[in-house]
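Asks:
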Amino acid sequence: MCKTTTTDHELVSRFLNGNEEALQDLITRHQRKIFTSIYLLAKDRELSDDIFQETFIKVINTLRSGNYNEEGKFLSWVLRIAHNLVIDHFRSLKRMPMVHDTEEYSIFDSLPLMDENVEDKLIHVQIQNQVRLLVEELPFDQREVVIMRHFADMSFKEIAESTGVSINTSLGRMRYALINLRKLIEEKQLMLTK
Amino acid sequence: MLPMNKITTLNYLVLYLYNETKMTDTVLIQNAIDTNHEIAETYQDLKDAKALINETVMTPSQKSIQTILNYSKITAPLMHS
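The listed protein sequences correspond, in order, to chains C and P.
Using the numbering used here, the letters of the first sequence correspond one by one to residues 10 to 203.
Using the numbering used here, the letters of the second sequence correspond one by one to residues 506 to 586.
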């Protein structure tokens, strides 16, 4: 028997017909990409949780008001909402987020509830944390293209159109982002292997 | 034929890395990686960094997810038969 995945479009339809589980499925499907995108911009876990909530409240209200058109991808649409909420937040504070070197991060948020080697898991979480801090150190336009390509699944053409630059510029930003990440790893002499 | 301009070649490496090249360009870039040591090294650096970015994925708190689901239930319009 062939198992087919329910599309985002179908889940949205079910949700609008009163099926709350469909909303939960949409969140489960996309939560990691959306939350990570928010966090890489906001650089603060608590704030990112707040913006994540605000994002989906806006999604729910827009869907129910009938103002969602099906032209774009659901994930890209949600990420645009999230992105704008982050920008609005820092605009209201009249600043962009700074890197917090001493930011607390609860490892228990990432530890799965499985019977695995705890030490290996802790090392993996440490690596994740270190890499995340490196991505946060990238200039905003490079971080933005990383988020759009890795988490919004946008093509470079779509990224270029969305950010109002040429495709060569968006490719250049990604190239610099990747090169800078490599440089940061070498500078900090990070041991990124288990 | 790939353009010989260095920056354009590097941009093509990024396109190739993210599987966005046309088939003809894919073959040319693969050949360049196989025959040019400098391009191969650059490509490996880009590839390593790309793999690391995928390690940054995080999840929101269960509390925030529950808040969203509760909001949706509380504000759900009444269904009429």
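Positions of the beta carbon are idealized from the N, C-alpha and C atoms, including for glycine.
1) Would you decide whether P/K568 is buried or exposed? Buried here means 16 or more other CB atoms lie within 10 Å of its CB.
2) Buried or exposed for C/I116, going by 16 or more other Cβ atoms inside 10 Å?
3) Give me the Cβ distance between C/F149 and C/L72, rounded to the nearest whole Å; I'm assuming they're in contact under 8 Å.
4) Can you look up C/A161 in the DSSP assignment and give me helix, strand or coil?
5) Could you pull out every residue in the same chain whose Cβ sits closer than 7 Å to the Cβ of P/K555, ignoring the five residues on either side in sequence?
6) Would you report the Cα separation of C/L143 and C/R191, rounded to the nearest angstrom?
7) Thinking C-alpha only, which one of C/A161, C/V154, C/A31 and C/D129 is nearest C/V174?
8) Within 10 angstroms of its Cβ, does C/Q151 collect 16 or more other Cβ (buried), or is it exposed?
9) Name, please, each residue of chain C whose Cβ falls closer than 7 Å to the Cβ of P/L533.
10) Rounded to whole angstroms, how far is the Cβ of P/H529 from the Cβ of P/L520, which I believe are closer than 8 Å?
11) Run through DSSP, which three-state label would P/E525 get?
12) C/V204 lies in the alpha helix (DSSP H); which residues open and close that run?
13) Within a Cβ cutoff of 6 Å, which residues of the same chain sit near C/D118, ignoring the five residues on either side of it in sequence?
14) What would DSSP say about C/M183, mapped onto helix, strand or coil?
Replies: This is what the structure gives:
1) As a working note, residue 568 of chain P is residue 63 in the second sequence. Classification of P/K568: exposed, given that the 10 Å Cβ count is below 16.
2) For this step, residue 116 of chain C is matched to residue 107 along the first sequence. Confidence is the limiting factor: at C/I116 the pLDDT is only 40, short of 50, which leaves the residue's position unreliable, though a coordinate-based value still follows. C/I116 should be labelled exposed.
3) Here residue 149 of chain C refers to the residue found at position 140 of the first sequence. Here residue 72 of chain C refers to the residue found at position 63 of the first sequence. Approximately 30 Å separates the beta-carbon atoms of C/F149 and C/L72; this is outside 8 Å, ruling out the contact.
4) By 1-based counting over the first sequence, the position of residue 161 of chain C is 152. Coil.
5) Your numbering for residue 555 of chain P matches position 50 in the second sequence. Apart from the 5 residues on each side of it in sequence, P/K555 sits with its Cβ closer than 7 Å to the Cβ of L522 in its chain, given in chain order.
6) Locating residue 143 of chain C in the first sequence gives position 134, counting from the first residue. Locating residue 191 of chain C in the first sequence gives position 182, counting from the first residue. Straight-line measurement puts the Cα of C/R191 at about 9 Å from the Cα of C/L143.
7) Residue mapping note: residue 174 of chain C aligns to position 165 of the first sequence, counting from 1. Checking every option, the nearest Cα to that of C/V174 belongs to C/V154.
8) Counting from one through the first sequence, the residue named residue 151 of chain C turns up at place 142. Sixteen is the threshold: when 16 or more other Cβ atoms of the shown chains lie within 10 Å of the Cβ of C/Q151, as they do, the residue is buried.
9) Position 28 of the second sequence, counting from 1, holds the residue named residue 533 of chain P. Chain C residues near P/L533: none, gap ~16 Å exceeds 7 Å.
10) Here residue 529 of chain P refers to the residue found at position 24 when the second sequence is read from its first residue. Here residue 520 of chain P refers to the residue found at position 15 when the second sequence is read from its first residue. Strictly speaking, residue 529 of chain P in this sequence is Thr, with His absent from that position. Wrong, their Cβ atoms sit about 13 Å apart, outside the cutoff.
11) Translated into the one-based positions of the second sequence, residue 525 of chain P becomes position 20. In the three-state scheme derived from DSSP, where H, G and I count as helix and E and B as strand, P/E525 is classed as coil.
12) There is simply no residue 204 of chain C to check, as chain C begins at 10 and stops at 203 in what is shown.
13) Translated into positions along the first sequence, residue 118 of chain C becomes position 109. With a pLDDT of 41 at C/D118, under the threshold of 50, the modelled position of this residue cannot be trusted; read the value that follows with caution. There are no such residues.
14) As a working mapping, residue 183 of chain C is identified with position 174 in the first sequence. Taken through DSSP and simplified to helix, strand or coil, C/M183 comes out as helix.
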